[in-house]
Amino acid sequence: MTASWAHRAPPVRDTQSARVGRWTPGTLAELTVSRHALSAALHDGARPAAAAEGAVQRLLLAFEELTSNALRHGRLPVEVTVTRTGRSWLLEVSDAAGDDAPAPAADRDPALGGLGLPLVARISAAHGWTVTAGRKVVWASVDFTRPEASDAPRDPRPRGGRGPTR
């Protein structure tokens, strides 16, 4: 048995909200092009100063997972929007399967897939789904103000010495 994501509307946009982009991929290949376009936009000025690279990578991962789910399990047309709010990016993915709730896979071998929704739930500040004008809208709010792990490479050697001796 699978449990669906919470049925709730996305957060209300605030006065600081600004659309980062809108895409309408129809295939997985077009999803890849769309993800690259989002990445380029974020690295060419659409990224808030407070957003670390780790936050950008979380958004790109959520974008990939939710959009690929819509393409694989929903109905065309698929529409994806990313909106910057005061503290987060709001990712909204809609498709024409308004009667089909998103359901994370349960009791399935991870090698068979089905980890996208739980993964997005883990990396986002909030998530859910709703139906608007007969279209299913699956959304995630990716906080870009939360502290990220350091991007600096770690030294694999043990501390306090030069490593093993012979």
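Last residue of the sequence shown? That's 166 in UniProt numbering, and every number before it is there in order.
C-beta atoms are modelled at their ideal positions from N, C-alpha and C, and glycine is treated no differently.
Which stretch, first to last residue, makes up the alpha helix (DSSP H) that contains residue i?
i      : result
Val33  : Leu28 to Ala41
Glu53  : Glu53 to His73
Val120 : Gly116 to Ile123
On a CA-only basis, which of the options is nearest residue i? Give me that one, please.
i           : options                          : result
Leu119      : Ala37, Leu59 and Leu42           : Leu59
Leu90       : Gly128, Glu53, Pro48 and Trp139  : Trp139
Pro10       : Pro104, Ser88, Ala106 and Arg146 : Ser88
Ile123      : Arg146, Val80 and Trp129         : Arg146
Val80       : Gly86, Ala37 and Ala46           : Ala37
Val20       : Glu53, Leu42 and Ala106          : Leu42
residue 171 : Asp100, Gly26 and Ala70          : For the chain, the structure presents residues 1 to 166; residue 171 sits outside this window and is missing.
Arg22       : Val82, Ala97 and Gly128          : Val82
Determine which residues share a DSSP beta bridge with residue i and list them.
i      : result
Thr132 : Arg135
Within 10 angstroms of its Cβ, does residue i collect 16 or more other Cβ (buried), or is it exposed?
i     : result
Asp14 : exposed
Val12 : exposed
Thr24 : exposed
Leu28 : exposed
Asp44 : exposed
Thr67 : buried
Gly26 : exposed
Apart from the five residues just before and just after residue i, which ones in its own chain have a Cβ nearer than 7 Å to its Cβ?
i      : result
Arg35  : Leu60, Phe63 and Glu64
Ala126 : Pro11 and Ser141
For the beta strand (DSSP E) holding residue i, just list the boundary residues, first then last.
i     : result
Arg19 : Ala18 to Trp23
Arg84 : Glu79 to Arg84
Val12 : Looking at the DSSP string, Val12 is not in any beta strand (DSSP E), and its letter there is neither H nor E.
At a cut-off of 7 Å, is residue i close to the ligand GDP when judged by its beta-carbon and the heavy atoms of the ligand?
i     : result
Leu76 : As presented, the structure is devoid of all ligands, the ligand GDP included, so that no description of it is given.
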